[in-house]
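Novice: Encoded as structure tokens, here's the structure I'll be asking about.
Residue numbers (my numbering), protein chains in the order written: chain A, 2 to 240; chain B, 2 to 240; chain C, 2 to 240; chain D, 2 to 240; chain E, 2 to 240; chain F, 2 to 240.
Here it is as structure tokens:
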């Protein structure tokens with residue numbers, strides 16, 4: 002099967018990292034295709050950028066040429082999953098939700114450790130809408146921006162592990178979710194330091210997407226994600 | 002003061018109707034300026050269209066020339082209010098939330114009557130995120146599309162009033178909220194038929210916006226709506 | 002229009018302060034009439050006093066001679082709003098709810114800073130019943146009694162600002178609500194010290210009441226606030 | 002021990018009925034003393050009457066001469082329990098809460114059947130504040146006023162049993178709570194018709210009060226129910 | 002009446018302590034019969050042990066010879082109450098729920114102080130399922146194992162009182178619930194040190210059971226606790 | 002990898018059906034080993050049977066000879082998953098939770114269609130504890146017992162499809178979850194009749210278990226599922 006893994010920012014290097022993670026966990030026979038939006042922000046850390054990302058991801062997928070079996074939206078806490086589900090027939094998996102549901106199989110409660118404090122509310126909104134909030138013990142910020150996480154992995158591990166340990170100790174979290182695509186590759190180091198399972202969203206989402214395809218399941222089209230009514234769209238970018 | 006009232010769809014006639022409603026309730030000295038997005042859908046009735054609207058509204062406001070004191074986003078159940086709050090210094094009022102909070106002053110619980118069944122989940126999500134869901138007794142669909150509501154008011158009143166009465170009788174609603182910009186002007190007729198107060202979002206939002214300005218209050222900038230970090234946005238429309 | 006603003010305690014100086022705040026924000030053409038209960042407590046800081054206040058306010062309004070368009074109950078966290086809504090035809094606005102809904106337009110979450118710890122549960126109950134609890138990050142006590150707040154504004158500002166800053170830092174509040182009528186006039190000083198918007202209940206409630214009147218809306222009479230059934234009331238105070 | 006059982010309305014015959022129920026279940030050695038408020042409504046079916054009842058009950062208890070070990074407030078869904086807890090050192094039991102907690106020992110969920118539709122919100126508020134709402138499957142109105150229930154028991158049983166059966170069938174209730182003091186004595190007939198356990202508030206509350214006394218437990222005085230601060234109360238009835 | 006009080010572990014000395022507590026509070030005429038499971042763990046502090054306890058208690062009751070009027074399951078936070086309710090016709094009272102409902106009559110919120118941190122989730126699950134979680138301010142662990150609590154009462158009081166005081170100060174608890182059968186007899190010492198009412202589960206449950214019997218109430222058999230369908234059970238222990 | 006799939010009842014034919022479903026979806030290289038408890042009920046449709054199943058499953062797994070990588074508990078709504086997680090080092094997946102989380106990827110809300118009305122509360126409890134209740138629109142009973150579902154597939158499809166359609170129409174469900182192991186093999190027929198995606202728990206759980214193993218994730222051992230403390234277990238079956 003072929004899975005599109007779509008970055009939410011316009012930084013190709015981030016897409017490469019995401020694709021690498023996805024391929025590392027993909028089953029034999031699963032082809033991972035990475036997409037980078039044609040427009041948007043170099044990193045997504047706020048409301049405007051997140052709304053841009055929603056459309057950037059949709060645009061990237063709709064302009065992709067060739068068949069695919071599922072789509073993974075690889076941004077933690079971003080908007081847009083519902084739009085993809087409406088526009089597409091294949092399963093759509095957001096890494097925020099995939100990470101959270103995966104974490105719930107591993108412990109009573111999980112904590113998310115993300116980049117900046119300003120992204121915490123975005124993540125909280127996604128988890129609330131997805132009904133995944135009750136087992137979320139805390140959403141903590143490492144204090145490092147997305148691109149800083151990428152550029153200084155050692156410092157990133159320190160900052161994330163400190164919050165992870167605090168979440169286990171003070172928030173009674175039993176599992177840590179890495180709440181940022183830019184944290185890819187830090188899973189092992191954080192787990193070692195935190196002493197609990199650590200879930201990264203992209204690999205989790207790839208396994209969810211593969212599972213849905215294997216189970217022959219796809220998005221329900223009866224109401225929330227029914228195809229859009231035929232109507233005039235004007236201007237950019239989807240007209 | 003000057004309030005920008007921004008339509009979420011690209012149909013200028015709808016903007017005209019919204020502006021008319023806004024002006025009818027505005028205080029002396031309040032200037033209402035209507036804006037229509039340069040891109041988007043002719044009516045907003047789904048997830049993709051709603052995400053387009055979020056950016057279309059933001060684009061319209063950011064490209065508006067001249068000062069203003071507050072912004073009203075005139076789409077019921079659409080995305081984008083958070084992005085406006087982040088991008089602007091003046092108060093931002095979404096008509097969904099203004100209608101709901103206004104309704105809570107009038108009765109123990111309210112019901113929303115909207116256009117199509119497919120827009121119900123969008124409204125439910127907005128109310129959940131805003132913490133306004135607990136006093137919402139029901140969200141009911143009239144079965145008429147946004148543009149049908151505009152074009153056949155008599156049929157619209159029939160369809161809305163039927164759902165309003167059902168909400169009062171079966172859902173224990175005590176107030177009705179008209180859940181669609183296209184229902185402007187039907188308030189009186191629905192109230193007469195339903196026997197309970199009927200709240201229309203645009204007038205409600207204008208009074209909320211005026212109140213915030215008079216109280217000297219504006220959006221908190223400490224976390225969720227802090228200004229975006231300086232970064233590279235590429236492509237259109239906000240770069 | 003004429004708005005009755007009713008103090009919940011029997012201290013006329015507090016009524017004067019409340020009326021002053023109300024007039025400062027009232028629109029041109031709005032007349033503010035202050036009422037002081039004929040019976041009750043000199044300040045309201047507990048359950049018995051709050052129940053007395055509910056009846057004292059009702060008594061004051063029912064004995065008021067002359068027309069009015071709306072009523073503001075100017076006690077933070079007190080009982081009685083529902084009784085007024087049942088007894089009257091005009092809109093009734095409690096300052097607790099007006100402050101909280103106003104705050105929700107300004108930030109993701111708000112904290113209330115009130116007088117004594119013993120009043121926290123009363124406020125929490127009002128917010129829970131009003132469905133306004135989910136966006137309330139915390140209710141904190143300044144440790145000063147209502148009349149101390151009145152008599153020593155500098156000390157009051159210190160105590161309130163300390164709790165406000167703690168709420169922003171530790172509870173993730175983005176807006177502060179002043180949770181006591183006796184805090185009138187401290188808004189500016191607290192805002193300066195806390196760095197976030199500060200909402201005072203009386204001005205907020207006046208604008209809500211004015212808005213409801215302008216919108217032609219009044220309390221739904223179908224169930225919860227239907228007029229009382231004709232029946233024999235004996236003794237004091239409403240017979 | 003001696004338990005004060007306080008009616009919430011001013012109808013002495015209702016007090017007599019309540020006292021009769023209480024005595025029927027009281028343990029050997031428990032003395033039941035019935036109190037009727039000196040002021041208030043002949044029956045309590047709304048917000049104003051309920052607030053009057055809160056003070057009427059408090060007044061009746063504070064003016065009671067002689068010792069007692071516990072107080073039962075015998076009104077379903079009325080205000081005032083918190084004020085009694087603040088004012089007194091002995092345990093206070095509201096029949097609404099006693100009935101609900103008793104019901105939770107008997108089945109997964111319970112439904113309340115009350116008098117008029119207009120009293121449903123009052124009951125709902127009490128259960129919400131008490132944290133007893135989640136296992137409440139429904140609150141249904143029989144359509145009979147309090148005094149009608151008293152005067153025509155056969156018709157009352159018919160009306161209550163019809164709602165009880167509907168609650169079991171449609172709301173998945175497994176236990177019925179009689180939600181009105183005036184339903185005293187109908188328990189057996191309703192149980193026979195509904196096929197599930199039926200809980201009456203007054204007997205339930207008497208056993209709870211007796212249990213608290215036997216366990217040597219009384220109200221916590223650290224915060225919510227700490228004694229009132231010394232202050233000037235003016236006017237009647239508690240000054 | 003005769004009440005079976007069933008220990009959840011296999012340590013007879015613990016049963017003796019529980020029976021002693023039960024008898025100390027039982028009404029004249031109430032006979033307390035203590036039962037110890039034939040199999041299970043010497044103390045219950047985890048998931049496997051708790052599931053064993055559920056069956057051990059059921060086995061002990063079903064093999065008990067002779068009539069009884071109610072059953073008290075004397076384990077804090079253990080599984081099995083639902084199974085007893087299904088299997089028996091008489092009332093069943095779990096001490097976790099009895100302690101929590103008793104505590105709600107005494108203060109706005111309560112905290113549980115239990116043995117080890119690992120038992121906190123078990124207790125939290127019971128309270129959530131029982132709908133008793135909202136008034137639970139915290140569940141705190143003393144750090145002492147069940148049998149340590151038994152063997153060193155002075156140390157136990159120190160550890161429990163420290164957590165109790167922290168719960169009152171930091172979690173706003175107003176009542177303490179002793180969350181372990183092994184804490185029997187420490188109630189007075191903890192109350193003295195914590196300054197708030199302290200509820201012990203076994204005595205509370207005995208009074209609840211007695212009350213249900215006196216009220217003539219028993220478990221609803223319409224759905225959740227309907228008798229098991231006739232079917233083949235094989236193997237051990239209930240076949 | 003090798004996955005143990007454990008039936009909750011003692012009927013070997015049901016185990017065979019479950020194993021068949023599991024193998025149909027298992028990835029190449031995944032070995033499915035079916036286990037049938039040595040004791041318990043021939044079908045699980047109530048509280049006692051469910052508690053027996055919890056221990057029967059645990060006993061079966063602990064007595065299994067040879068290595069395995071994950072365990073699937075194949076009973077819908079049964080107790081015991083937490084005990085397995087505590088006792089084992091490998092991932093444990095309950096089919097109730099796997100079906101529910103899978104369903105949340107496919108639509109806004111899902112409904113469970115189960116066997117008998119009496120099993121509805123058991124399922125509701127599992128979903129509540131797992132934090133998966135908010136997106137569950139309804140749990141409906143087909144009215145057929147577990148073994149009837151097995152023995153008359155045509156009648157089963159009729160009964161299930163009727164409830165599925167009702168859930169889509171009346172409860173706004175967008176996805177159907179088959180809430181009984183005995184419904185294996187009916188997925189296609191129900192989907193055709195209901196017009197929405199249909200999720201069966203066993204296949205869903207197998208893919209979740211495979212994913213966890215591939216991701217190298219296993220149960221957190223820091224608190225809730227920490228290994229049992231060394232202690233004396235007496236009697237059977239786990240001593």
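Backbone N, C-alpha and C fix where the C-beta goes; we use that ideal spot for every residue, glycine too.
1. If you follow the beta strand (DSSP E) that residue 94/E is in, where does it begin and where does it stop?
2. For residue 111/B, which residues in the same chain have their Cβ closer than 8 Å to its Cβ, ignoring the five residues on either side in sequence?
3. Taking Cβ-Cβ distances shorter than 7 Å, what residues in chain D pair up with residue 79/C?
4. Decide if residue 63/B is buried, meaning its Cβ has at least 16 other Cβ atoms within 10 Å, or exposed.
5. With C-beta atoms as the reference, is residue 94/B less than 9 Å away from residue 57/B?
6. Looking only at C-alpha atoms, which of 183/A, 91/A, 171/A sits nearest to residue 116/A?
7. For residue 255/D and residue 119/F, what's the separation of their Cα atoms in angstroms?
8. Looking only at its own chain, which residues have a Cβ that is under 7 Å from the Cβ of residue 19/F, when we skip the five neighbours before and after it?
9. Could you tell me if residue 38/C is buried or exposed, where buried requires 16 or more neighbouring beta carbons within 10 angstroms of its beta carbon?
10. When you compare the CB positions of residue 149/B and residue 142/B, do they come within less than 9 Å of one another, or not?
11. So, does the CB of residue 230/E fall closer than 9 Å to a CB anywhere in chain D?
12. The alpha helix (DSSP H) spanning residue 202/C covers which residue range?
13. Do three or more CB pairs link the segment 186 to 196 of chain D to the segment 221 to 237 of chain D at distances below 8 Å?
14. Where do the ends of the beta strand (DSSP E) carrying residue 191/E lie?
15. Alpha carbon to alpha carbon, how far is residue 50/D from residue 46/C? Give it in angstroms, no decimals.
16. Which ranges would you report for the beta strand (DSSP E) in the segment 21 to 59 of chain E if only whole runs of at least 3 residues count?
17. Would you report the Cα separation of residue 205/D and residue 59/D, rounded to the nearest angstrom?
18. Taking residue 4/D and residue 210/D to be in contact with their CB atoms under 8 Å, please state how far apart those CB atoms are, rounded to whole angstroms.
19. By the DSSP assignment, the beta strand (DSSP E) with residue 141/A in it spans what residues?
20. In chain order, what residues of the same chain have a beta carbon less than 8 Å from the beta carbon of residue 13/A, not counting five sequence neighbours either side?
21. According to DSSP, which residues form a beta bridge with residue 115/C?
22. Assuming residue 75/A is part of the beta strand (DSSP E), what are its boundary residues?
23. Are the C-beta atoms of residue 126/C and some chain D residue less than 9 Å apart?
24. Can you find a CB in chain F that lies within less than 9 Å of the CB of residue 154/E?
25. Using beta-carbon positions only, say whether residue 154/B and residue 129/B come within less than 9 Å of one another.
26. Candidates 208/A, 66/A, 77/A: which alpha carbon is nearest residue 52/A's?
27. Helix, strand or coil for residue 166/B, going by three-state DSSP, please let me know.
28. Comparing C-alpha positions only, which one of 207/D, 216/D, 26/D, 163/D sits nearest to residue 191/D?
29. Starting from the Cα of residue 215/D, find the closest Cα among 71/D, 133/D, 160/D and give me that residue.
30. Less than 9 Å between the C-beta atoms of residue 1/F and residue 132/A, yes or no?
31. Grab me the residues of residue 68/D's own chain with a C-beta within less than 8 Å of its C-beta, minus the 5 sequence neighbours each way, in chain order.
32. Between residue 108/B and chain C, is the shortest Cβ-Cβ distance under 9 Å, so that the two count as touching?
33. What three-state label does DSSP hand residue 234/C in the structure shown?
34. Note down the Cα distance separating residue 161/A from residue 114/A, rounded to an integer number of angstroms.
35. Quickly, what does DSSP pair residue 6/A with across the bridge? List them, please.
36. Contact check, residue 55/F vs residue 88/F under 8 Å by CB: the rounded distance?
Specialist: On the basis of the data shown:
1. 93 to 95
2. 101, 104, 105, 136, 137, 138, 174, 175, 176, 177, 178, 200
3. Correct list: empty, because the minimum Cβ distance to chain D is about 11 Å.
4. exposed
5. no
6. 183/A
7. Residue 255/D lies beyond the residue range present for chain D, which begins at 2 and ends at 240; the question has no answer from this structure.
8. 6, 8, 35, 75, 182, 185, 203
9. buried
10. no
11. no
12. 202 to 215
13. no
14. Counting along the chain, residue 191/E falls outside any beta strand (DSSP E), though it belongs to the alpha helix (DSSP H) covering 188 to 195.
15. 23 Å
16. 32 to 36
17. 21 Å
18. 5 Å
19. 137 to 142
20. 37
21. 142/C, 180/C
22. 71 to 75
23. yes
24. no
25. no
26. 77/A
27. helix
28. 163/D
29. 71/D
30. Residue 1/F is absent from the structure shown; chain F starts at 2 and stops at 240.
31. 3
32. yes
33. strand
34. 6 Å
35. 35/A, 73/A
36. Contact doesn't hold; Cβ gap of about 11 Å is too wide.
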